[in-house]
């Protein structure tokens, strides 16, 4: 019985070593991806807000005109090394959540979306990876 406590302590330390916690400070920054002929950019701010912009200013302006505000929202750290971006002034008419996995090497990959509570995971051909540039 004396050996059980040290073994449990050792197991809890070993189990905790493999899981690295995501920190807000490491995620804050500017992320960019080339999607077709367009460069899209997310800026994750320390206060939990994010902004989105596009190199195709016609698209960005048309969203501004239709929605009335530039696409933006709030981001948060979720389970399984995921970051959720909840849109306000979304590119579509339904406010949704984009789900990003956090990759080694300062990049994030959009792997799913949550619309009206239903999560839809993307296939490998439909994911976009954004590199952290700042």
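Numbering (the numbering used here), first residue to last: 1115 to 1248.
Cβ coordinates follow ideal geometry from the N, Cα and C atoms, glycine included.
query = In terms of residue numbering, what span does the alpha helix (DSSP H) encompassing residue 1141 cover?
reply = Residue 1141 sits at position 27 when you count from the first residue of the chain shown. Segment 1138 to 1141, the alpha helix (DSSP H) holding residue 1141.
task = Please report the Cβ distance between residue 1198 and residue 1165, rounded to the nearest whole angstrom; I am assuming they are in contact, meaning their Cβ atoms lie under 8 Å.
result = Counting from one through the chain shown, the residue named residue 1198 turns up at place 84. Counting from one through the chain shown, the residue named residue 1165 turns up at place 51. With a beta-carbon spacing of about 16 Å, residue 1198 and residue 1165 fall beyond the 8 Å limit used to define contacts.
query = Near residue 1214, what residues of its chain come up, given a Cβ to Cβ distance below 8 Å and the 5 sequence neighbours on each side ignored?
reply = Residue numbering aside, residue 1214 sits at position 100 when the chain shown is read from its first letter. For residue 1214, where only same-chain residues beyond five positions count, the Cβ hits under 8 Å are 1196, 1197, 1198, 1199, 1222, 1223, 1224, 1225, 1244.
Outcome for residue 1210 when other beta-carbon atoms lying within 10 angstroms are tallied against a minimum of 16 = In the chain shown, residue 1210 corresponds to position 96, counting from 1. Residue 1210 comes out buried.
key: Close Cβ partners of residue 1212 (< 6 Å) along its chain, the five nearest in sequence each way excluded   = For the purposes of this step, residue 1212 is identified with residue 98 of the chain shown, where counting begins at 1. If we look at residue 1212 and ignore the five residues flanking it on each side, its Cβ neighbours are 1199, 1224, 1227.
query = Which residues mark the beginning and the end of the beta strand (DSSP E) in which residue 1215 is found?
reply = By one-based count along the chain shown, residue 1215 stands at place 101. Unbroken beta strand (DSSP E) run through residue 1215: 1210 to 1217.
task = For residue 1242, collect the residues of the same chain with a Cβ closer than 6 Å to its Cβ; drop the 5 residues on either side in sequence, then sort them by chain order.
result = Taking the chain shown and counting its residues from 1, the one referred to as residue 1242 is at position 128. Here residue 1242 has 1147, 1149, 1224 as same chain residues with Cβ atoms under 6 Å from its own Cβ, once five neighbours each way along the sequence are excluded.
query = In or out: residue 1154 buried (at least 16 other Cβ within 10 Å) or exposed?
reply = Here residue 1154 is taken as the residue at index 40 of the chain shown, counted from 1. When all chains shown are included, residue 1154 counts as buried.
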